[in-house]
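Participant:
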């Protein structure tokens, strides 16, 4: 028999599930309860879990069990007197029981503020024990799912599975299936990875806070969508401008080399000069990634993105109005510096400011915004490809988008987490930074001044941030133990992402199509648009399916397709020159397979695989590896093409793709459905 009891103590809330599968009681330790609550494992005939000044007991009315399973809650004080709550815990009585319990607790709280609760069965009840899966049989109605409940039930390591008795009763008193006891289990919190925690809130919490419990929960679940969309959209424009540079450069590389279309006297660029034009922004991004690490905490996410917008603006304008090759390269480097800052600050700002229930979705959309920028660059290139000096317009279009990004970020508040970080680092008054963080969070959520939910969330974030800051690992720890294995996995993925030819295919898509039979520049640019649309659609497919199919299956299948597509491209240049449709099909296959494998999953794995102590530094090294290898491959494409020939070059990329497939099959683990703590444990 399973009995679920919901208790609300003076300063904490616990949700436990009792069963008679064994006579063992096991209570997980909690940072909130401190040393008072420890793991208990003992055997006894009439189990009691001693946790404080109250005893909450549960009893099944055996006489009415078959007609209507009634659970009666009894509250005992340790001071010799007993009080019957008198409320039946049924489907319709849950809310009433909680309200009456709060009223009586207000009277008791004046006499005692002890922090712990004990559970014991009353006479006539069967011997019970706390289940190793405390929420296994809970099906609580919405009024019980309050803010405190969610705070206490989240971010806990998963409990081990335990056996269940032959007959089971859920919280409503209905009999569960014997063959499949988990079929009717409904978690308190909807969503994907659930981690439950039993613990206590701060002892300073007042009775008035308990009265507004449900209103706090409602405020947490609802938010102003306008306030949510803008803090995502303006930082995400940094990713869009990065993608736009990739797409626009594809058309600009054709325009720059054309005697009729370049509009310059220095159009006859060598392979090395053209490689510098194309990869100039990547070298700037690499430099920006190096510079941003020591100054990111000083600038903050908001000012970092404003600086990135200014660099985007200057880089786009200087490139567009460049009177010579040297100035053009300077503009490309400045634009690349903006990429380096934006790709570091944008995901951090989005993750730290958006509501937790939609954080994963918004962060995942960053890759989609990059692909949207690539598509926009292809579209602008197809329109301006026949214009004299069209490459100037292609690069110059980024300027108004950069202005929009800068003004948008100027209107947004700083990241509340960054404000708290400055206080924790001792860069000013912690209380002052805390008040600024509350104001910033209230503005981001569209809440009025003095909102209690914002204050509570900032308090919780401050506690977590203090712990994370003091436990931060050293730089060299990245190259030791589990962190080294994580860097091999994450760094290897982003390295193979680039050296399998991805930047070459994207930056030089129009040139490849032009050499593949689409001799007219306009035709090649328009086919590039089709490739961009297909890339955008496949990115959406990957975002929707990555948690269903898993990381390894998508990586193995996608990388296999990449190797096949590169073999087709090599075959076209060597044997099938009269069939340009083969080149188009190969490019589409490459783009589609890349977007369901290396495209989104490499960075997803990088964000998951590093241990918490070295995650920040590990991700920074992965970013440097990515931009460094990207710049090298992009720069070397034309010189290698002249040296080896197009067919042999793509054959080389195909061989590297086969090596990456072997790397994924032998080294990369599956992280689908695992918590970050479980992933870290598996690496040890």
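In our numbering, the protein residues as written are 19 to 702. Just so you know, even glycine gets a beta-carbon here, dropped at the ideal spot from N, CA and C.
Which parts of the region 449-480 are runs of the beta strand (DSSP E), unbroken and 3 residues or longer, counting only runs that do not cross its ends?
Facilitator: none
Participant: Alpha carbon to alpha carbon, how far is residue 326 from residue 443?
Facilitator: Your numbering for residue 326 matches position 308 in the chain shown. Your numbering for residue 443 matches position 425 in the chain shown. The alpha-carbon atoms of residue 326 and residue 443 are separated by roughly 25 Å.
Participant: So, for residue 454: in the same chain, excluding its five sequence neighbours on each side, which residues have a beta-carbon less than 7 Å away from its beta-carbon?
Facilitator: Stepping through the chain shown from its first residue, residue 454 is reached at position 436. Here the set comprises 437.
Participant: For residue 451 versus residue 464, is the C-beta distance shorter than 8 Å?
Facilitator: Counted from its first residue, the chain shown places residue 451 at position 433. Counted from its first residue, the chain shown places residue 464 at position 446. Taking 8 Å as the cut-off, the beta carbon of residue 451 is found no closer than this to the beta carbon of residue 464.
Participant: So, helix, strand or coil for residue 692, using DSSP?
Facilitator: Your numbering for residue 692 matches position 674 in the chain shown. Residue 692: coil per DSSP, three-state reduction.
Participant: Between which two residues does the alpha helix (DSSP H) carrying residue 336 extend?
Facilitator: By one-based count along the chain shown, residue 336 stands at place 318. Counting along the chain, the alpha helix (DSSP H) containing residue 336 begins and ends at 289-338.
Participant: Express the C-alpha separation of residue 395 and residue 250 in angstroms, rounding to a whole number.
Facilitator: Working through the chain shown from its first residue, we reach residue 250 at position 232. Working through the chain shown from its first residue, we reach residue 395 at position 377. Going from the Cα of residue 250 to the Cα of residue 395 covers about 21 Å.
Participant: Taking C-alpha atoms, which residue in 278, 275, 285 and 359 lies nearest to residue 311?
Facilitator: The count along the chain shown starts at 1 and reaches residue 311 at position 293. Cα-wise, what sits closest to residue 311 is 359.
Participant: Taking the alpha helix (DSSP H) that residue 702 belongs to, which residues open and close that run?
Facilitator: Counting from 1 along the chain shown, the entry for residue 702 is found at position 684. Counting along the chain, residue 702 falls outside any alpha helix (DSSP H), and DSSP gives it neither H nor E.
Participant: Pairing CB atoms from the region 645-657 with CB atoms from the region 561-578, are three or more of them under 8 Å?
Facilitator: The region 645-657 is not in contact with the region 561-578.
Participant: Could you spell out where the alpha helix (DSSP H) holding residue 517 opens and where it closes?
Facilitator: Residue numbering aside, residue 517 sits at position 499 when the chain shown is read from its first letter. Per DSSP, residue 517 belongs to the alpha helix (DSSP H) from 499-517.
Participant: Enumerate in chain order the residues of its own chain whose CB-to-CB distance from residue 610 is below 8 Å, with the five nearest sequence positions on each side excluded.
Facilitator: Walking along the chain shown from the start, residue 610 turns up at place 592. Around residue 610: 552, 553, 556 and 579.
Participant: Please classify residue 263 as buried or exposed, where buried requires at least 16 neighbouring CB atoms within 10 angstroms.
Facilitator: The count along the chain shown starts at 1 and reaches residue 263 at position 245. Under this definition residue 263 is a buried residue.
Participant: If you drop the 5 nearest sequence neighbours on each side, which residues of the same chain put their C-beta closer than 7 Å to that of residue 669?
Facilitator: One-based indexing of the chain shown puts residue 669 at position 651. Cβ-Cβ distances below 7 Å link residue 669 to 588 in the same chain, with the five nearest sequence neighbours on each side left out; the list follows chain order.
Participant: Give the range of the alpha helix (DSSP H) segment to which residue 585 is assigned.
Facilitator: The residue given as residue 585 occupies position 567 in the chain shown. Its alpha helix (DSSP H) spans residues 569-592.
Participant: Consult DSSP for residue 284 and reduce its assignment to one of helix, strand or coil.
Facilitator: In the chain shown, the residue the question calls residue 284 occupies position 266. Three-state DSSP puts residue 284 in coil, outside helix and strand.
Participant: Evaluate contact between the region 267-274 and the region 405-422, counting only Cβ atoms and requiring at least three cross-stretch pairs below 8 Å.
Facilitator: yes
Participant: Can you check whether the CB of residue 323 is closer than 8 Å to the CB of residue 427?
Facilitator: For the purposes of this step, residue 427 is identified with residue 409 of the chain shown, where counting begins at 1. For the purposes of this step, residue 323 is identified with residue 305 of the chain shown, where counting begins at 1. In contact: residue 427 and residue 323 (Cβ atoms closer than 8 Å).
Participant: If residue 688 and residue 570 are in contact, beta carbons under 8 Å, what's the gap, nearest whole angstrom?
Facilitator: The residue given as residue 688 occupies position 670 in the chain shown. The residue given as residue 570 occupies position 552 in the chain shown. Confirmed, Cβ separation roughly 5 Å.
Participant: Please report the straight-line C-alpha distance between residue 495 and residue 636, rounded to a whole angstrom.
Facilitator: Taking the chain shown and counting its residues from 1, one reaches residue 495 at position 477. Taking the chain shown and counting its residues from 1, one reaches residue 636 at position 618. Roughly 9 Å separates the two Cα atoms.
Participant: Is the beta carbon of residue 354 closer than 8 Å to that of residue 337?
Facilitator: Residue numbering aside, residue 337 sits at position 319 when the chain shown is read from its first letter. Residue numbering aside, residue 354 sits at position 336 when the chain shown is read from its first letter. Against a cut-off of 8 Å, the Cβ pair of residue 354 and residue 337 comes out as no contact.
Participant: Contact defined as beta carbons within less than 8 Å: I believe residue 591 pairs with residue 664. What is the distance between those atoms, to the nearest angstrom?
Facilitator: Looking up residue 591 in the chain shown gives position 573. Looking up residue 664 in the chain shown gives position 646. Between residue 664 and residue 591 the Cβ distance is about 4 Å, and since that is below 8 Å, they are a contact.
Participant: For residue 290, is the classification buried or exposed, using 16 other Cβ atoms within 10 angstroms of its Cβ as the cut-off for buried?
Facilitator: Within the chain shown, residue 290 is the residue found at index 272, counting from 1. Residue 290 is exposed by the Cβ-count criterion.
Participant: Pick out whichever of 674, 639, 559 and 527 has its Cα sitting closest to the Cα of residue 617.
Facilitator: In the chain shown, residue 617 corresponds to position 599, counting from 1. Among 674, 639, 559 and 527, the Cα nearest to that of residue 617 belongs to 559.
Participant: Which same chain residues end up closer than 6 Å to residue 513 when comparing Cβ atoms and leaving out the 5 residues on each side of it in sequence?
Facilitator: Along the chain shown, read from residue 1 onward, the residue named residue 513 stands at position 495. In chain order, 643 and 647 place their CB closer than 6 Å to the CB of residue 513, counting only its own chain and leaving out the 5 sequence neighbours on each side.
Participant: Determine whether the beta carbon atoms of residue 371 and residue 433 lie at a separation below 8 Å.
Facilitator: Against the chain shown, residue 371 aligns to sequence position 353. Against the chain shown, residue 433 aligns to sequence position 415. It is a contact, given that the beta carbons lie within the stated cut-off.
Participant: Taking all protein chains shown into account, do 16 or more other C-beta atoms lie within 10 angstroms of the C-beta of residue 626, making it buried, or fewer, making it exposed?
Facilitator: For the purposes of this step, residue 626 is identified with residue 608 of the chain shown, where counting begins at 1. Buried, since its Cβ has 16 or more Cβ neighbours within 10 Å.
Participant: First and last residue of the alpha helix (DSSP H) that includes residue 365?
Facilitator: To locate residue 365, count along the chain shown from 1; it is residue 347. Its alpha helix (DSSP H) spans residues 343-371.
Participant: Using DSSP with H/G/I as helix, E/B as strand and the rest coil, what is residue 626?
Facilitator: Start at 1 with the first residue of the chain shown, and residue 626 comes out as number 608. Three-state result, residue 626: helix.
Participant: Around the C-beta of residue 284, are 16 or more other C-beta atoms found within 10 angstroms, so that it is buried, or is it exposed?
Facilitator: Along the chain shown, read from residue 1 onward, the residue named residue 284 stands at position 266. It counts as exposed.
Participant: With DSSP as the reference, label residue 495 as helix, strand or coil.
Facilitator: On the chain shown, residue 495 is found 477 positions in, with the first residue counted as 1. The answer is helix: DSSP assigns residue 495 an H, G or I state.
Participant: Since residue 602 is in the alpha helix (DSSP H), which residue starts that stretch and which ends it?
Facilitator: Residue mapping note: residue 602 aligns to position 584 of the chain shown, counting from 1. Looking at the DSSP string, the run of the alpha helix (DSSP H) that includes residue 602 is 598-613.
Participant: Classify residue 405 as helix, strand or coil using the three-state DSSP reduction.
Facilitator: Taking the chain shown and counting its residues from 1, the one referred to as residue 405 is at position 387. Note: residue 405 maps to coil in three-state DSSP.
Participant: Helix, strand or coil for residue 430 per DSSP?
Facilitator: Residue numbering aside, residue 430 sits at position 412 when the chain shown is read from its first letter. DSSP, read as helix, strand or coil, puts residue 430 in coil.
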